[in-house]
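What follows is a set of notes on a single structure, which appears directly below.
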Amino acid sequence: ASAPAVPLAARTRGLRKVYGSTVAVDHVDLDIPQGAVVGMLGPNGSGKTTTIRMLLGLVRPTEGEVELLGRPMPDAAAHALPDVGALVEGPGFHPFLSGRDNLLRFAAAEPRLSSAGIPSAVDSALERVGLTGAARRRYKGYSLGMKQRLGLASALLVPRKMVVLDEPTNGLDPAGTREIRRIVA
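Numbered per our numbering, the sequence shown spans residues 216 to 400.
And the structure:
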């Protein structure tokens, strides 16, 4: 007897993106099972980030189909994205706010958090990525690795069905890379 099919977190068929005369992504078929940890490897400019942006509905494909958590993208983005935490092309935070204050702003926009639950969610996310000790420092004073960790914390504010991270270990030392891998696995 065959095992039951594993539900898919993401699926693409014939995914293609063209910018002018540049083919950024060319007919990509993906089946990403729920619960899987998947990495995309390739040189700069090979279409990894563009593929991620199409998965999240941030960029409309030139051709092909995208499903995220069983919903067609980008048309169903409003329904799928609350279940997705994402960090794409580096975090964007206010430089003069502390890491904690930046996360408080992210959490205030999170539809799945009550106002009363925001402080504990922020503290938990900071602890999970190892930034509790630096939480009150200004973001502009963070190292690149600390900025990456804060971006990861923003993606992990609430439990998610899927987390999408674009180069989550960029700027991290070997110990930081191991820690991110531990958090993700």
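The C-beta atom is built at its ideal place from N, Cα and C for all residues, glycine as well.
If you're wondering where the values come from, they're calculated on a predicted model, not measured in any experiment.
Residue i versus residue j: straight-line alpha-carbon distance, rounded
{"i": "Val252", "j": "Ala400", "result": "7 Å"}
{"i": "Gly356", "j": "Thr237", "result": "38 Å"}
{"i": "Pro194", "j": "Val281", "result": "This structure cannot settle anything about residue 194, because the visible part of the chain is limited to 216 through 400."}
{"i": "Leu223", "j": "Lys376", "result": "11 Å"}
{"i": "Tyr240", "j": "Thr266", "result": "Position check: residue 240 holds Val in this sequence, whereas Tyr was assumed. Answer to the nearest angstrom: the Cα atoms are 7 Å apart."}
{"i": "Phe311", "j": "Arg353", "result": "6 Å"}
{"i": "Gly279", "j": "Ser261", "result": "18 Å"}
{"i": "Arg396", "j": "Asp246", "result": "22 Å"}
{"i": "Ala291", "j": "Thr277", "result": "17 Å"}
{"i": "Gly250", "j": "Leu284", "result": "12 Å"}
{"i": "Glu325", "j": "Asp298", "result": "11 Å"}
Own chain partners of residue i with C-beta closer than 6 Å, once the 5 adjacent residues on each side are dropped
{"i": "Leu273", "result": "none"}
{"i": "Gly386", "result": "Leu359, Gly360, Gln363"}
{"i": "Ala336", "result": "Ala322, Leu328, Leu372"}
{"i": "His294", "result": "Arg286"}
{"i": "His242", "result": "Gly229, Arg231"}
{"i": "Gly391", "result": "Gly360"}
is_contact[residue i, chain B] using C-beta, thresh 8 Å
{"i": "Leu270", "result": "No chain B appears in the structure shown, which is made up of a single protein chain."}
Cβ neighbours of residue i in the same chain (closer than 7 Å, five flanking residues each side left out)
{"i": "Gly332", "result": "none"}
{"i": "Gly300", "result": "Ala370, Leu371, Arg375, Val378"}
{"i": "Asp388", "result": "Gly360"}
{"i": "Asp381", "result": "Thr264, Ile267, Leu302, Val303, Glu304"}
{"i": "His309", "result": "Asn317, Tyr354"}
{"i": "Glu394", "result": "Gly345"}
8 Å CB neighbourhood of residue i in its chain, flanking five on each side removed
{"i": "Asp244", "result": "Thr227, Arg228, Gly229, Leu230"}
{"i": "Thr347", "result": "Asp338, Leu341"}
{"i": "Pro248", "result": "Val221, Pro222, Leu223, Ala224"}
{"i": "Gly257", "result": "Lys263"}
{"i": "Arg275", "result": "Met269, Pro289"}
{"i": "Pro306", "result": "Lys362, Gln363, Leu365, Gly366, Ser369"}
{"i": "Arg351", "result": "Ser313, Gly314, Arg315"}
{"i": "Arg343", "result": "Ala368, Leu371, Ile398"}
Residues that residue i bridges to, as DSSP identifies them
{"i": "Ala301", "result": "Val379"}
#### Entry: Given 8 Å, three or more beta-carbon pairs between the region 309 to 319 and the region 358 to 374
yes
#### Entry: Start-end ranges of the beta strand (DSSP E) lying completely within the region 311 to 385, minimum 3 residues
Fully contained in the region 311 to 385 are the following beta strand (DSSP E) runs of length 3 or more, in chain order: 377 to 380.
### Message
At 3 residues or longer, what runs of the beta strand (DSSP E) sit wholly inside the region 256 to 287?
### Response
278 to 283
### Task
Could you name each continuous beta strand (DSSP E) segment of 3 residues or more that falls completely within the region 222 to 247, going from the start of the chain to the end?
Within the region 222 to 247, the beta strand (DSSP E) runs of at least 3 residues that lie entirely inside it are, in chain order, 223 to 234.
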